[in-house]
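Structure first, commentary second.
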Amino acid sequence: MTGASPTKGGCTSLQEAPHVATVKEVLEYHETCLESGLPAEVAAERLERFGPNELKHEEGKSLFQLILEQFQDLLVRILLGAAVISFALAVVEGGEGGIAAYVEPLVILIILFLNAAVGVWQESNAEKALVALKQLQPQQARVCRSGAWRCVSASSLVPGDLVDLRCGDKVPADCRVVELKTASFRIEQSQLTGESVAVLKDTEALPASMRDCEIQSQRCLCFSSTTVARGRALAVVVRTGMATQIGIIQAAVHEAGESDDTQSPLQQKLDEFGEALSKVICGVCVVVWLINIGHFSDAVHGSALRGCIYYFKIAVALAVAAIPEGLPAVITTCLALGTRKMAKKNAIVRRLQSVETLGCTTVICSDKTGTLTTNEMTCVRFCVLGKTGTQVDVFTVDGSGFCASGNVCREAGGAKGSQALTEHQAVLGWLCRCAAICNEAHLNIASGFPDSDHYERMGEPTEAALLVLVEKLGLFSDEQIASKANTKRSVAHPTPFCDYWKDQYKDLATLEFSRDRKSMSVLSRNLKTQKNVLFVKGAPETLLTRCETMMLPNGEVVPLTEAARSVILADVAWMAKGALRTLALGVRLDAGPLADYTGEETPQAAARGLLDDQAGYAALEDHLCFIGVVGLFDPPRPEVGNAILQCRDAGIRVVMITGDNKDTAEAVADLVHIREGFDKSFPSYTGKEFEALSASEKMKVLSSPGGAIFSRTEPKHKQLIVKLLKELGETTAMTGDGVNDAPALKQADIGVAMGIAGTEVAKEASDMVLADDNFSTIVSAVEEGRSIYNNMKAFIRYLISSNIGEVASIFMTAALGVPEGLTPVQLLWVNLVTDGPPATALGFNPADDDVMKRPPRHRDDRLISTWIFLRYLLVGIYVGFATVGIFVWWYVFGTDPSEPHTLLTLPQLMAWGRCSSWKNFNAVPVFGMPADEPCSYFTIGKAKASTLSLTVLVVIEMFNAFNALSENHSLLRMPPWANPYLLLATASSLAVHCAILYIPFLSRVFGVVELTLMDWVYVLLWSFPIIILDEILKYLGKVSSEAAVTLHNNALQLLRLARKSELCECARRKRPA
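Below, the structure is given as structure tokens:
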């Protein structure tokens, strides 16, 4: 068994499937032994061959690469090009326009570089998951080399090293258990496999048929970075570094990060929009330039070259007008505000784009343990024998998790009642004694909750659940309460009722759990009677075979009948169907051969010998008195059921993916309504079963309308499921808390980690962290994501309509041949400053009341639909008409009689470039124009007309912001004060606009003049019709939308009727549909 002493050489590769190899085969393969381990020189050789026991750290992107990536967006490139051209033109003209000539390119460049800086900062803080994985690895390990035990760095372990694993240790590498030093040895590996309880490990090899079994079944292997929950064992290292299970997970996380180069839905839509916009911009710029070729030689320009440059500047102005420069900043601001709103709802968003992506989530892949459930074992039901001994009295326990709040009620006739527990106080007293004393766990008041009933456990979750049950049961009589002076919980005394029962006894010995007898027991001495009692708990099927008597409710002990045994086993079977883990409690009142044992070494050698012989424990745990059976469960979180029903209403499917067994997974799925409304054909597969399906069958399972259940999954299965869902076109959110969830979290469109129970690895691989570990928070986050998307559509519509209006204005100006009404600096000011606050305020729009009643939008849905584009094209045309119209109106009709100026006819204005050839043309000098240069009336003298045009543009865009409150609802239904931030934003924008009108320095920079009261009247008259126009268009859109919905619903109804008819026909012919 131990093998010969190892020699140098051999073990040139890792052993395949060590879990199906015997201990002898493992030792021989690695050329090691239990007496001396590996020689130091062999360990040194293997360290060089296999490398250190460390996880690799992949180098991230350089700062230069991150900066370059920020300029890949097409709109950004167009803006960059426009800035460079504007700067070049300002230089070529020798600074004729003064400082104003350089404002435009400078502002654009500042915006672009600020956006790039924000992007670089976000990217550089995103990739920390692999570092967190490295931090999970233990630092030290106890290893035997050359016959001597020593503590060494865990990174120096090599395959074949003999390590000593003790309670509380982190396993330093993947190891094969070769010798148990205690009766039982348990590993807490939930963060790796998702199992809700610590797993029993042993030395037995698995059959060869299980060579490819899932890691949960490999009971003789301990995996790196898991924790020893109980016992002690010797193990041989079989995998190190990246070959360990956690190393494989790291590789999967890295692969998911490398392969997941898909953009978020918003990024895709913005790129598509940018591409389309760039084509339109180029086309319109060329057309505007071409239609003015005939004006290049107009005398006002001085030369054809200067005319060419003038109209080229107009084309550049058109490009600046067409591009919503403020869009990146407004989107970033809106998303940032969204993250703050989500944080208040306990959803911490780590990547801004995730806020919007949440809104189009179609599938939520949820881990079970710790996500849908509390990951805190809870006693939900227990039974004791009734008065006659022929039936069981069942009690249900309220509350969940390690919290002492919860009532215990007796089930009477299948219904819960509030019947007192006094008639069962004798048997329940013994149940409390057994649960509290036959227990190695401890409970402490949860940190941060000093005055609450919430606990933190130390020890096995099942044993902690028994202690919580005792706390819920409390005491049963006035005499008991009187004897226990203080029953108030505190940090110093967290479990007063458990202490009450424990204080009556002194523990003498513990008979540890073993797989063969499936029980454990504690020998205790009653301090009052000085008699020994053996308290036992274990699997009901085996414990009942060792019970000879049973305890009735009044404490009377009578022989255990076959009828009683049958009803107990029937109740156990009923609990097992509900995926409850059952534990039977019993007591040996006379303690048998250990009746006189006091715990002293001498003169009780015989009793001591019995305790040292683990093979004889079953005989000591014989002649027992049956007390009762408890049913334990990792319960669903109370709010999860309603959250999943909300998901269903919102058109979101929920897929459960867990490492736990199939029965438990299905039971939890039923409790949280995942399978509600579906028949037995609802897909439920283990990871191996799903992996064995063909590609088409996998796709069919994942296309199931209600979702699916996957159990006994490994990390690779979770990642595969997420990958296939994305191939189906689904927008997938993956929730999880363990290391085993990290690859899938990284692969998903939205990775959602648990903030309290979640490992650091899961958090760093995620896009969002739930601060309260509450599944319903995901639903709130999805609702917020949908609301934010609607708001983003609102301000994008608003900005686009504004930009279309500016383009229409410049195009009409060029087409009519009238002087330039809006300069590039003015357009830039409007796009960035004036439009910015209202656009940002639209991000605060309240959510529609039916936002979670609509099906999720598809990631391929267009940001701007055909109707919306047509609608805002009409709005934009009016904006262009109004801005050019008031400009022409000032020249032709005037606005304020108190400010006389020369009036012209429209044909004269359209031929302004040839004014030098007009006979007897003398214009009244206005706004500083030279009296001897009448043609300057169309350049310097246009200041008031240009100011009116700019002001109409600004006021119309304020009205447009009100129009954008809702895509379809009238302002009568959603008035401006529904969003008070919008009122404040429009007021601030108008105030800023007034600042450039009435502050002399700013008015010179922007080429504007003061407006009189009569001027403002004309501004409002030209601006207000935009409200009426948009209200008409909203009404037309709503009518057509309702008609489309009615048509869609009728089509669905016809499809359902056709399907029902097909199913009936299939049933009649007795063949599958």
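Residue 698 in the working numbering sits at position 303 of the sequence shown, and the numbers go up by one each step. The beta carbon of each residue, even a glycine, is placed where N, CA and C say it ideally should be. These numbers were taken from a predicted model, which means no experiment stands behind them.
Using the Cα positions of residue i and residue j, report the straight-line distance between them to the nearest angstrom.
i	j	result
residue 442	residue 826	54 Å
residue 700	residue 708	12 Å
residue 1009	residue 927	20 Å
residue 1338	residue 758	58 Å
residue 1292	residue 1408	12 Å
residue 1326	residue 1317	9 Å
residue 539	residue 634	17 Å
residue 477	residue 1418	30 Å
residue 1424	residue 1075	55 Å
residue 975	residue 624	22 Å
residue 679	residue 1208	13 Å
residue 1037	residue 1267	40 Å
residue 648	residue 1066	32 Å
residue 420	residue 432	15 Å
residue 760	residue 1016	46 Å
residue 497	residue 1221	13 Å
residue 1123	residue 737	29 Å
residue 1058	residue 767	15 Å
residue 1392	residue 1233	20 Å
For the alpha helix (DSSP H) holding residue i, just list the boundary residues, first then last.
i	result
residue 1185	1170-1211
residue 1417	1408-1418
residue 954	No alpha helix (DSSP H) contains residue 954, which is instead part of the beta strand (DSSP E) from 952-954.
residue 450	Unbroken run through residue 450: none, as it is neither H nor E.
residue 868	856-868
residue 966	957-972
residue 1355	1338-1358
residue 585	585-588
residue 921	Run containing residue 921: none in the alpha helix (DSSP H); it sits in the beta strand (DSSP E), 914-921.
residue 1020	Unbroken run through residue 1020 is the beta strand (DSSP E), 1019-1028; no alpha helix (DSSP H).
residue 1091	1090-1097
Just verifying my parser: in three-state terms, what is the DSSP assignment at residue i?
i	result
residue 1303	helix
residue 759	strand
residue 1381	helix
residue 769	coil
residue 676	helix
residue 406	coil
residue 1313	coil
residue 634	strand
residue 938	helix
residue 1032	coil
residue 1471	With the chain covering only 396 through 1468, there is no way to say anything about residue 1471.
residue 947	coil
Under 7 Å Cβ to Cβ from residue i, same chain only, skipping five residues before and after it: list those, please.
i	result
residue 749	1145, 1162, 1163
residue 917	832, 833, 902, 905, 930
residue 1322	1335, 1336, 1338, 1339, 1404
residue 1142	651, 655, 1114, 1117, 1118
Just to confirm the assignment, what range does the beta strand (DSSP E) spanning residue i have?
i	result
residue 1010	From DSSP, residue 1010 is part of no beta strand (DSSP E); its letter is neither H nor E.
residue 982	976-983
residue 1261	Where residue 1261 is concerned, there is no enclosing beta strand (DSSP E), although the alpha helix (DSSP H) it sits in stretches over 1261-1287.
residue 535	535-540
Report all residues from its chain with a CB closer than 6 Å to the CB of residue i; omit the five preceding and five following residues, and keep chain order.
i	result
residue 851	839, 841
By Cβ distance below 8 Å, which residues in the same chain neighbour residue i in space, the five residues on each side in sequence not counted?
i	result
residue 935	963, 964, 967, 977, 978, 979, 1024
residue 610	587, 588, 616, 618, 640, 1109
residue 1034	1169, 1170, 1171
Would you say residue i lies against chain C (beta-carbon separation less than 7 Å)?
i	result
residue 1069	Judged by its chain identifiers, the structure shown contains no chain C, having just a single protein chain.
Item checked: the stretch 629-644 touching the stretch 568-578, judged by at least three CB pairs closer than 8 Å -> yes
Margin query: Measuring CB atoms only, is the stretch 1190-1205 touching the stretch 1053-1067, in the sense that at least three cross pairs come out at less than 8 Å?
Written below: no
Margin query: Contact between the stretch 1020-1027 and the stretch 976-990 is defined here as three or more beta-carbon pairs at a separation below 8 Å; is this criterion met?
Written below: yes
Notebook entry, point to check: Are the stretch 608-622 and the stretch 573-593 in contact at 8 Å, needing three or more beta carbon pairs?
Noted result: yes
Item checked: Touch test, the stretch 1297-1316 against the stretch 1356-1371, Cβ-Cβ under 8 Å, three pairs minimum -> no
Note to self: Quick check: the stretch 728-735 against the stretch 1234-1241, are at least 3 beta-carbon pairs closer than 8 Å?
What the structure shows: yes
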